[in-house]
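Here's the structure, in structure tokens; my notes come after.
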Ligand code: ATP
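Numbering (the working numbering), first residue to last: 247 to 567.
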């Protein structure tokens, strides 16, 4: 697991290290009684492609809105390239591709980009951004005739006009078919290879797996895992060992290799582990454990396990002792 910790912007500047694209610390955001974001720290280095992955309501959009200066954190700080999100956007250092909206339906793809380019003091050439977004050949198509995937690549082209160092995408492929998603991501990926930093929110596990270098998994407004897809999968690929055992030594169980968590409910013990053999061996040889069962997750179930409510997922184990 990597949990990158960067020095504050001022310290980086003093030591000649350029400011990070994102340095967010202690972010909280509440909507009435809903704690949408609950203490998020996030540091992103230049050139990283980061997926912000979590189920509905996890706090992805709220976090992204704060990174873009569209929502104000109740607590915490955000530096985008060492400045406030609004300053960074005003300087063209960051652009966003949102899910919907923002397109005039009755003009062409090229006219849309030309019109947007007039908003910038200095913009990349229109044909260049159309080519990078993979829509040069449909430049003369009326927007309303474009598929959802093509419209999303048009939003991507518009976002590229200021040649931003950081691109933020909020669930950009929602509602697209498989082919549209594939074409959209291959355009993003090819562009990112030139060094752009990309953050995207998604609830598609396969999308995060295929296109991100790093996955930040969120649940209930908190980061529950942060690492490469392989690291997240290794974490997610663990097994659960359950047994009935009286008076088990929790500390010994926790110290066994590969153990992620131990829950004791009455005389039932539930151990999440990457090494179920070690746990089973210990329980069957060093304790009087009985009714031992080992279950494994597939990737989909593991994602649910990692991002679901910890109280709910052990409901079947009965009330706490
Ligand atoms: P989704 O994948 O469904 O878009 P998300 O991970 O982006 O979910 P958020 O949209 O950030 O999650 O929502 C986090 C929580 O905050 C949810 O419980 C949501 O209902 C609540 N919330 C978000 N925006 C508001 C708002 N403007 N007013 C009230 N509650 C809000």
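All C-beta atoms, glycine included, are put in the ideal place defined by N, C-alpha and C.
Using the C-alpha atoms, what's the distance from residue 313 back to residue 266? 13 Å
Any idea which residues DSSP pairs residue 541 with across the strands? 486
Taking its Cβ as the centre, do 16 or more other Cβ atoms sit within 10 Å of residue 496, making it buried, or is it exposed? exposed
How is the beta strand (DSSP E) around residue 390 delimited, first residue to last? No beta strand (DSSP E) contains residue 390, which DSSP labels as neither H nor E.
According to DSSP, is residue 430 part of a helix, a strand, or is it coil? helix
So residue 530 is in the alpha helix (DSSP H); what residue range does that whole segment cover? 522-532
Run the CB neighbour count on residue 302, radius 10 Å, all protein chains shown included, and call it buried at 16 or more, exposed below. exposed
For residue 472, does the three-state DSSP call read helix, strand or coil? strand
By Cβ distance below 8 Å, which residues in the same chain neighbour residue 429 in space, the five residues on each side in sequence not counted? 380, 395 and 399
So the alpha helix (DSSP H) residue 353 belongs to, where does it begin and stop? First-last for residue 353: undefined, no H or E at that position.
Distance, residue 383 Cα to residue 252 Cα: Below a pLDDT of 50, predicted positions are generally treated as unreliable, and residue 252, at 42, falls in that range; the measurement from the model is reported next regardless. Their backbone Cα atoms lie some 42 Å apart in a straight line.
Residues in the same chain with beta-carbon distance under 6 Å from residue 356, minus the five sequence neighbours each way, listed in chain order, please. 385
Pairs of beta-carbons, one from the stretch 437-444 and one from the stretch 285-304, closer than 8 Å: are there three or more? yes
Using CA coordinates, which residue listed in 404, 478, 463 and 526 is at the minimum distance from residue 486? 526
Output needed for residue 304: all residues of its chain with C-beta closer than 6 Å, excluding positions within five of it in sequence on either side, in chain order. 464 and 465
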